[in-house]
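The next block holds one structure in the form of structure tokens; read it before the comments.
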Amino acid sequence: MFDTVILIDILVVVCGYLSGSVPWSFLIGKSHGVDLRQHGSGNLGATNVRRVLGFRWGLTCFLLDFAKGLVPVLLALAVGRDRGTGGEFLVVLTAAAAVCGHVWPFAMGFKGGKGVATTIGVVLALAPVPILVAAVTWFVVFKTSRIVSLASLIAAAVLPISGLVLRFAGNGGPSSVRLGLLVVLGSLIIVRHRSNIGRLIRGEEYQFKQTASTSEAEATSEDVSAEASLPVDEKE
712 MFDTVILIDI
722 LVVVCGYLSG
732 SVPWSFLIGK
742 SHGVDLRQHG
752 SGNLGATNVR
762 RVLGFRWGLT
772 CFLLDFAKGL
782 VPVLLALAVG
792 RDRGTGGEFL
802 VVLTAAAAVC
812 GHVWPFAMGF
822 KGGKGVATTI
832 GVVLALAPVP
842 ILVAAVTWFV
852 VFKTSRIVSL
862 ASLIAAAVLP
872 ISGLVLRFAG
882 NGGPSSVRLG
892 LLVVLGSLII
902 VRHRSNIGRL
912 IRGEEYQFKQ
922 TASTSEAEAT
932 SEDVSAEASL
942 PVDEKE
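Listed below in structure tokens is the structure:
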């Protein structure tokens, strides 16, 4: 029985990685005849899909990336139910595997996105209050700055902080294991945005326009053509 439990746990964690590694942004781009690695920011993520293909496809990609984090964690919660600490570790490992799959997908040569949407999916299932606080923070920063990376960076920092506050305020915050996951995932998102941090410091980061219109779509197409010639390290 012990060996069977371990085998099932391993399969659940592997399923988490495989779910996270599905490159939805790449597949959506290819369905439009576009390799997102060569357009926009060059990043395989929902923000770049929005930038290159428009709001509708960006939202579609976000929801798919969100789901590939949420679904395996819900599976792990079901499998690890009533198993105490062992179940907690299974859930956290599965969550981490899903995000790692998005960031380092084997099918894309281990070069993926920055993990924001998938992190939202896994954390919503494990620590809903901290992720809601982070989401509100993201929205406020984005509405003020129109810069997705800045909003993501600040929200990534707020995520573990809000978990810590809830934990030590005695208001039913996340467990120590889940809190550790929040710290790791928040840190990973910040590290994955290191090139964006450089552009923010230089005042060169991409800013979304206030409204999506035909003229904006045309301008985005021109941006895509211009940026396709940039070196990868400048685009990411």
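Each position in the sequence shown, counted from 1, maps to that position plus 711 in this note's numbering. Positions of the beta carbon are idealized from the N, C-alpha and C atoms, including for glycine. Small disclaimer: the values here were computed from a predicted structure and weren't measured.
Asked, Found
"Best match in Ala806, Ile831, His750 and Phe800 for proximity to Ala867 [C-alpha to C-alpha]", "Ile831"
"Cα-Cα separation between Trp735 and Tyr917, rounded to whole angstroms", "22 Å"
"Distance between Val840 and Leu896 (C-alpha atoms, nearest Å)", "16 Å"
"Limits of the unbroken alpha helix (DSSP H) element including Gly881", "Looking at the DSSP string, Gly881 is not in any alpha helix (DSSP H), and its letter there is neither H nor E."
"Phe850 versus Leu861 - alpha carbon distance", "11 Å"
"Option in Ile842, Leu774 and Ala836 with minimal Cα separation from Leu877", "Ile842"
"Gly798 versus Arg913: straight-line alpha-carbon distance, rounded", "45 Å"
"Straight-line Cα distance separating Arg889 from Val803", "7 Å"
"Reduced DSSP secondary structure (H/G/I, E/B, other) of Leu718", "helix"
"Touch test, the segment 759-772 against the segment 806-818, Cβ-Cβ under 8 Å, three pairs minimum", "no"
"Own chain, CB closer than 6 Å to Phe777, minus 5 neighbours either side, in chain order", "Ala828, Ile831 and Gly832"
"Secondary structure of Tyr728, DSSP reduced to three states", "helix"
"With 16 other Cβ atoms within 10 Å as the buried cut-off, status of Thr715", "exposed"
"Leu870 versus Pro783: straight-line alpha-carbon distance, rounded", "21 Å"
"For Ala787 and Gly780, the rounded distance between their alpha carbons", "11 Å"
"Candidates Arg748, Gly795 and Ile739, of which the one nearest Phe773 by Cα", "Ile739"
"Start and end residues, alpha helix (DSSP H) containing Glu915", "Counting along the chain, Glu915 falls outside any alpha helix (DSSP H), and DSSP gives it neither H nor E."
"Anticipated Cβ contact below 8 Å, His813 with Ser732, distance rounded", "7 Å"
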